[in-house]
Each structure stands twice: as C-alpha cells, then as structure tokens.
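Novice: Order-wise, the sequence lines are chains A and B. For what it's worth, the working numbering labels the leading residue of the first sequence as 1, then goes sequentially. For what it's worth, the working numbering labels the leading residue of the second sequence as 343, then goes sequentially. A virtual CB, placed ideally from N, CA and C, is assigned to each residue, including glycine. Below are the structure tokens for one structure; questions will follow.
There are 2 protein chains.
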Amino acid sequence: MPTTLKDVALRAGVSIKTVSNVIHGTIHVADEKRERVEAAIKELNYQPNLSARHLRKGRVGVLGLVVPELTNPYFAEVSNTIIAAAACQSYTVLVDTTGGLRENERVVINGWRQQLLDGVILNALALEQEDLHPERVETPIVLLGERFLDVPYDHIIIDNVAAAYEATRHLLSLGRRRIAAIGLRSDLLRQTETSEMRLHGYLSALQEAGIAHDEALIPTTVTPYTRQSGYIAMRQLLENAVSLDAVFCFNDLMALGALRALHEAGLYAPQDVSIVGFDNIEEGCYALPSLTTIAPDKQQIGETAVRFLLGRIEGTRTEPPERVHVPFTLIKRESTMGRATF
Amino acid sequence: MPTTLKDVALRAGVSIKTVSNVIHGTIHVADEKRERVEAAIKELNYQPNLSARHLRKGRVGVLGLVVPELTNPYFAEVSNTIIAAAACQSYTVLVDTTGGLRENERVVINGWRQQLLDGVILNALALEQEDLHPERVETPIVLLGERFLDVPYDHIIIDNVAAAYEATRHLLSLGRRRIAAIGLRSDLLRQTETSEMRLHGYLSALQEAGIAHDEALIPTTVTPYTRQSGYIAMRQLLENAVSLDAVFCFNDLMALGALRALHEAGLYAPQDVSIVGFDNIEEGCYALPSLTTIAPDKQQIGETAVRFLLGRIEGTRTEPPERVHVPFTLIKRESTMGRATF
C-alpha cells in the first residue's frame, strides 16, 4: 500500500497539515519541523501524489494559464499569484503562451486540451467576437485583461480608463503641461483595447485641464509594450524636437526604455521630464530613478481568478458570469517626485 | 470532414508552410499574406488541430518545462527560447514552477504526469542523488542548470567556474583590487552548486592575481538571487564600512539591487564601484548604468534542450546521455566601462 500523508505525519510527529505545507511549499514551516518531515518522507520513500484527491472526483488537478508572454514581467508576476493561489487548493498550474496572436487565443478559448485540464485562465489580447464558440467548450474559463467580449465567462479587469486618467492627473498636478503618451501602435487598425482605454483616460484628463491634445506628443511604435519600443518612441520624440515635460507610458517596460533614451540624451527624470508607467513590476522599484506607476492589485487578480475558476470546476459558483473590477493604486516614486533623502 | 491546413492554403493562395507560420506565429509573415490566411481561416472556420500529427504517433504533442520561478527573468527568457524551439516542431510547452523546492523537484524527476506529457525539461536546484528513481521514469527528461547528479539524462550547462573567473578577471583588469562577491546564502549548509561554482571561479581569479581573499567582502543573504537580496547585501557592506572598489554579483537581479543601494548611498558605478552581474537579462541592457554581465547563450540552451528531448521522444537520439556545455560571453557595459558617448 502506498505511503500516505498521514504515515509521514505520524513518523514526523507533526500534523498532516504541516506535511502538506512542506510538500506544497506554500507556507513557511519552521526549520526544525521541516527537517523532521523531510527525514520522514525520505525514510518512508513517500511519493507525493497531489492528484489523488482530484482523481477521485474525476478531475486531473491541473489548471491551464495562458498569457501573451512570460518575458513581460507583468504576466510573470500575475502568473505567480495564480500559481500560489492554486497551490493552496492543491491545484497545479501549467502555463502556456500565445504571443498575443489571435489564432493561438482562438484555439485556447474554444476548448483547448479539455481532457488534460480542469479549467483555463486566459489573458487574451486579440480575440474577436466571431472567434468564440462557447457551445464547444466543456471546461470552465476565466478571462483576464482588456479584451471585452460577449461570452459566458467570468472576467477580471481593472478600470484602465480611470487608471490612465489618474496617472495623467498626477502629472498635471505637478504642473506638467506637455505630456507625451507612449503605447500606440503605428498600425492604427490594430490597437488593442488596452491601448485605446489608456489613451482615452489620458485624453480625458488633458481635456478636463483645458489642454488641447497635440498629435506630436503621441508617437506610435510597431510593437509596443517592450523596453525597446519605449526607447524608440522616446528617441523619436527627441529627434523631432517635440517640446515635452512629462511622459505617460502605457506600461512600465516602455517607461524604463524611455528613461534610458532620455538619459542618453542628457535629460533626467523628473527634473527635465517626469515619467509615469503602468503595471508596477518589481523592476520599477529598483530602477534609477524608481518608477511612478499604476499598480493593479495583482494579488487580488490572481486570487479572484483562481477562486472563480475553482468555484466553476467544483460546482460551488453558480452565479451568472460576472465582470469584476479589481482595484488599482497610483504609486508615486522618484520618476515624478524626485529623489527622497535616504 | 474537417477543414485542413491544405484547404486554408488553397483558399488563401499561399503555401501550406505559410499557413503554418501564421498559425504557429513562429516566423514573421508579410501583412498582406497574413491577412489572406486569416480571411481564409475565418471563411472556412478552420480549427487548428496542432496535435493531430502527434496523436497518430501515440504522442500528445506537449512538453513540460519546469523551472524554479518565472519572476526571475533569466528563467522567463530561457523558457521563451524553449517555447519557440518547440513550436517550430509543432510541440506545445507547458510551464510549471517548483519554487526551487526539493520536494517539488523530486516529484518532477520521478515521472511527473507521464501520461500528459511527451517529455520534460527540468531546471533543478535542490535535488539530491537519493531522490532519483530513474527506473520509474518512462518519459524522456533533459536537465538544465548546475545540479550535478548521476542520472541517465542529457544535461545542458555552462561552465560556471570559468564564467565567474572571467567576470572577476575583468574587474581585476580594470585595476580593481577590493572585489566583493554577492550571492552566498547565510545558511552555509544549503548553498546551491551555482553559488559554490561562482564563488570558486571568483576565488581562483583573486588567487591567481595574488590577492588574499577577505571574508568581509563576501556577505551572505537569506534568500539570494533576487533584487532585494542584492540590495540588502550591498547595504550590509556599506554599513560595515567595508572598503571595496568592485562587486561581482552571482546574478543580474542582485547586481541591479546592489546598484540601487550604492546609488542611495551616493556612490556610483563604475566611478566609485564597478559591478558585474550574471545572466544577461534584458533589464540589464536598459538599466542606468547598463550592466556588464556574463551572457550564457540562452538561444543555444533552449534549442539544444528541445533538440535532445525531441530526439529521445522520437527515437532519433540514441547516444548515451551527455553533459553538454553551452558557451557564454562576457558583455562589457557601462557598469564597468563607464558611459559611452552617445
């Protein structure tokens, strides 16, 4: 008979919960207890079988998480919160990437690997309404991100218009008047809703302040949302000698690229140009200067996504699909406030 | 009869290869052709079935990739090269994380989800020889990283001792003599081989230069390899008033944290303290100053791992398991060379 969690707990003289915590690595266990559990696991040659509980219920214990890319730290950080929330419920998360390509997203939304996964969390960028065939889909899906579709799935978002408005208001409150916006695609027919909503919030704040918007302050790039595209867009602004005193970048990576371009031109943030990003990736806390940014509550995004998905999988969530807003905050750092005294 | 790739190609008037490229998103397809393919996919309501080819051969078309964490950009960047290399061969990669925990790694190395995956690429940090039961494992495994085990799997590594030696030699060649090393764990019994090998390369270079090593220059941290641990270790050095003119950090994240701590103390790189990192994550190219670093050839790591794994899965690779060294280079940037004239 295979060794069970209980056998390990008895041998180690700890609770089953403690053994589980050591195995899942989700909660810190004191070194002394941990070592006893590890010794017992070794002595008994215990093989954790995380999926036993699920198999009894006809589930595999695996969730799919599908994001555009892992090299954007925002998606890596959100993935982390999802992996941690799922681990607390003994679910493994397997991550796949789409490159933000419509074709790949279409495969995922229409019942991707249903036999291997209990459910899927998808952050879509490019899906169109006509791509959806919910009648083919047997496993629950939760959507993340700013793609708004008429589809019977729970959907977790933040209010991008309000967030971009608040970022721009912050720059206006500092007396900035020539505020550039970086994040639009040069192919204007292929804007993501993310870009459109952030542009909309930016324009609303300008309008409210009685500032006419100036096309010259809104450069476009071929593939936005990377460090390189922020760098290139900032270089364009500088080469075109566009007068500016602030930049709102539609994500942190572009803001970090723009910072680099400014610095190379002998301009500094915030003295010469104030910069605000979006995402609150960890990199922005350590950047020189540290980056003022919009911080979506990633913890809550991950926990809500997992709670909704598991609720659907386990049948405890029976409400009609909801669109839920997760809060965000503006975090003011050196790129707009200047260097604190350390 | 379901629509096939060929039907789409005929409708769009392009080759099957082009349709495949649009669907897999691995190779750029000119906009005009791409639009024709997308239109044909839509008209024919084509559902890509990536796994058909595999199912015919008793495979599922899915590889598992297991790394310690995705929020370390090094692992995200290596994952990206693996995902791209696998996509070229019509394999999907699902990514799981272990938190670097021995218990989780043990589950993976001993035949994890063999029924769902054709093979696994594992970057292990904590496995011990006694954890291994290769007789239970039915699917091929390829190992990445510096955990050296006597196990019948292909293993892809870089020469960490030589790389750390070269990083330290670079600092010595700039006339630096008080070179700190950041990356050891305070729990000396739980060093990873990565830390040990990088320390060894550092000490060899010092010894060769006739410099006695000074314990005060080797601070330890509780959980190394994060921005925060680099920041804390640098603060410790500064608070202890340790005289130093350079730092070799065992990864880029710690180097970026150390840069921040230096800057807060009014010290600058490279004027006051030169800094070298390890990994060549993209963040280091855009940092201010940009980061001198050891660059493992991530492209080659990903391509070799996938080539070896698919060779085992498809039976074309029959050689005994190999340990293969992938090259690295030292990339000199502003954190040691100073600011270039732009």
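Could you give the first and the last residue of the continuous alpha helix (DSSP H) run that contains serine 274(A)?
Specialist: From DSSP, serine 274(A) is part of no alpha helix (DSSP H) but of the beta strand (DSSP E) over 274 to 278.
Novice: Looking at threonine 293(A) and valine 276(A), is the spacing between their C-beta atoms short of 8 Å?
Specialist: Yes, these two residues count as a Cβ contact at 8 Å.
Novice: For leucine 580(B), decide whether its Cβ has a neighbour in chain A, counting only Cβ atoms nearer than 8 Å.
Specialist: Answer no: the Cβ-Cβ gap between leucine 580(B) and chain A never drops below 8 Å.
Novice: Please determine if the region 596 to 613 of chain B and the region 656 to 670 of chain B are in contact, where contact requires at least 3 C-beta pairs separated by less than 8 Å.
Specialist: Touching, no.
Novice: In chain order, what are the residue ranges of uninterrupted alpha helix (DSSP H) at least 4 long that sit wholly in the region 142 to 189 of chain A?
Specialist: Fully enclosed alpha helix (DSSP H) runs of 4 or longer: 160 to 173.
Novice: Which term fits serine 632(B), buried or exposed, when burial requires 16 or more other beta carbons within 10 angstroms of its beta carbon?
Specialist: Buried is the call here.
Novice: Compile a chain-ordered list of the residues in the region 64 to 75 of chain A whose CB is closer than 8 Å to at least one CB of chain B.
Specialist: Those would be Gly64, Glu69, Leu70, Thr71, Pro73, in chain order.
Novice: Under 7 Å between beta-carbons, which chain B residues line up against arginine 235(A)? List them in chain order, please.
Specialist: Under the 7 Å cutoff, chain B gives no residues; its nearest Cβ is about 10 Å from arginine 235(A).
Novice: According to DSSP, is alanine 84(A) part of a helix, a strand, or is it coil?
Specialist: Three-state result, alanine 84(A): helix.
Novice: Beta carbon of glycine 350(A), beta carbon of arginine 198(A): below 8 Å?
Specialist: Because chain A spans 1 through 342 in this model, residue 350(A) falls outside it and cannot be assessed.
Novice: Tell me whether aspartate 438(B) sits in a helix, a strand or coil according to DSSP, three-state version.
Specialist: Note: aspartate 438(B) maps to strand in three-state DSSP.
Novice: Any residues in the region 76 to 94 of chain A with a beta carbon nearer than 8 Å to a beta carbon of chain B? Which ones, in chain order?
Specialist: Within the region 76 to 94 of chain A, the qualifying residues are Ala76, Glu77, Ser79, Asn80, Ile83, Thr92, Val93, Leu94.
Novice: Comparing the C-beta of valine 137(A) with each C-beta of chain B, is any distance below 8 Å?
Specialist: So, not an interface residue.
Novice: Which parts of the region 254 to 298 of chain A are runs of the alpha helix (DSSP H), unbroken and 4 residues or longer, counting only runs that do not cross its ends?
Specialist: You should have 283 to 286.
Novice: Between the region 282 to 301 of chain A and chain B, which residues of the former have a C-beta closer than 7 Å to a C-beta of the latter?
Specialist: Listed by position, the residues of the region 282 to 301 of chain A near chain B (Cβ gap below 7 Å) are Glu282, Glu283, Tyr286, Leu288.
Novice: Which residues of the region 596 to 614 of chain B have a Cβ closer than 9 Å to any Cβ of chain A? Give them in chain order.
Specialist: For the region 596 to 614 of chain B, which is checked against every Cβ of chain A, the residues closer than 9 Å are Leu598, Gly599, Leu601, Arg602, His605, Glu606, Ala607, Gly608.
Novice: Can a CB atom of chain A be found closer than 8 Å to the CB of valine 364(B)?
Specialist: By this cut-off, valine 364(B) is an interface position.
Novice: Report buried or exposed for threonine 440(B), applying the criterion of at least 16 other Cβ atoms within 10 angstroms of its Cβ.
Specialist: Threonine 440(B) is buried by the Cβ-count criterion.
Novice: Suppose contacts are defined by Cβ-Cβ distances below 8 Å. Is serine 274(A) in contact with leucine 174(A) by that definition?
Specialist: A contact, by the Cβ cut-off of 8 Å.
Novice: In this structure, does DSSP put valine 233(A) in helix, strand or coil?
Specialist: In the sequence as displayed, the identity of residue 233(A) is alanine instead of valine. Correct three-state label for alanine 233(A): helix.
Novice: Does the region 576 to 590 of chain B come into contact with the region 256 to 272 of chain A, if we say contact requires no fewer than three beta-carbon pairs (one atom in each stretch) closer than 8 Å?
Specialist: Touching, no, given that fewer than three Cβ pairs across the two stretches are closer than 8 Å.
Novice: Report the rounded CA-to-CA distance for glutamate 676(B) versus glycine 403(B), giving the unit in angstroms.
Specialist: Straight-line Cα distance between these residues: approximately 44 Å.
Novice: Got a sec: is the Cβ-Cβ distance from threonine 318(A) to anything in chain B below 8 Å?
Specialist: It does not; no Cβ of chain B falls within 8 Å.
Novice: If you reduce the DSSP assignment to three classes, tell me which class threonine 329(A) lands in.
Specialist: Three-state DSSP puts threonine 329(A) in a strand.
Novice: How is the alpha helix (DSSP H) around valine 450(B) delimited, first residue to last?
Specialist: It spans 444 to 451 - the alpha helix (DSSP H) in which valine 450(B) sits, taken as one unbroken run.
Novice: Quick one: Cα of valine 37(A) to Cα of aspartate 272(A), how far?
Specialist: Their Cα atoms are separated by approximately 57 Å.
Novice: If you compare alpha carbons, which of Arg102(A), Ile82(A), Leu101(A) is closest to valine 355(A)?
Specialist: Nothing about residue 355(A) can be reported from this structure: the residues present for chain A run from 1 to 342 only.
Novice: Look at the Cβ atom of isoleucine 179(A), then the Cβ atom of threonine 168(A), and state whether they are nearer than 8 Å.
Specialist: Going by C-beta atoms, isoleucine 179(A) is nearer than 8 Å to threonine 168(A).
Novice: Assuming glycine 461(B) and isoleucine 643(B) form a contact by the criterion Cβ under 8 Å, report the distance between their Cβ atoms to the nearest whole angstrom.
Specialist: Rounded, the Cβ-Cβ distance is 16 Å, inconsistent with contact.
Novice: Just curious, the beta strand (DSSP E) that alanine 246(A) is in, first and last residue?
Specialist: Per DSSP, alanine 246(A) belongs to the beta strand (DSSP E) from 246 to 249.
Novice: For aspartate 355(A), which residues of its own chain have a beta-carbon under 6 Å away from its beta-carbon, when the five flanking residues on both sides are left out?
Specialist: A query on residue 355(A) cannot be resolved here, the shown segment of chain A reaching from 1 to 342 and no further.
Novice: With respect to the alpha helix (DSSP H) encompassing isoleucine 121(A), which residues constitute its N-terminal and C-terminal limits?
Specialist: No alpha helix (DSSP H) contains isoleucine 121(A), which is instead part of the beta strand (DSSP E) from 119 to 123.
Novice: Determine whether the Cβ of aspartate 96(A) lies closer than 8 Å to any Cβ atom of chain B.
Specialist: Closer than 8 Å to some Cβ of chain B, the Cβ of aspartate 96(A) qualifies, so yes.
Novice: Does DSSP put leucine 458(B) in a helix, in a strand, or in coil?
Specialist: DSSP places leucine 458(B) in coil when its eight states are reduced to three.
Novice: Whole-angstrom Cβ separation of glycine 487(B) and asparagine 452(B), contact assumed at under 8 Å?
Specialist: Wrong, their Cβ atoms sit about 18 Å apart, outside the cutoff.
Novice: Give the C-beta separation of glycine 543(B) and asparagine 593(B) to the nearest angstrom, bearing in mind that I take them to be a contact with Cβ-Cβ under 8 Å.
Specialist: At roughly 14 Å, the Cβ-Cβ gap does not stay under 8 Å, so glycine 543(B) and asparagine 593(B) are not in contact.
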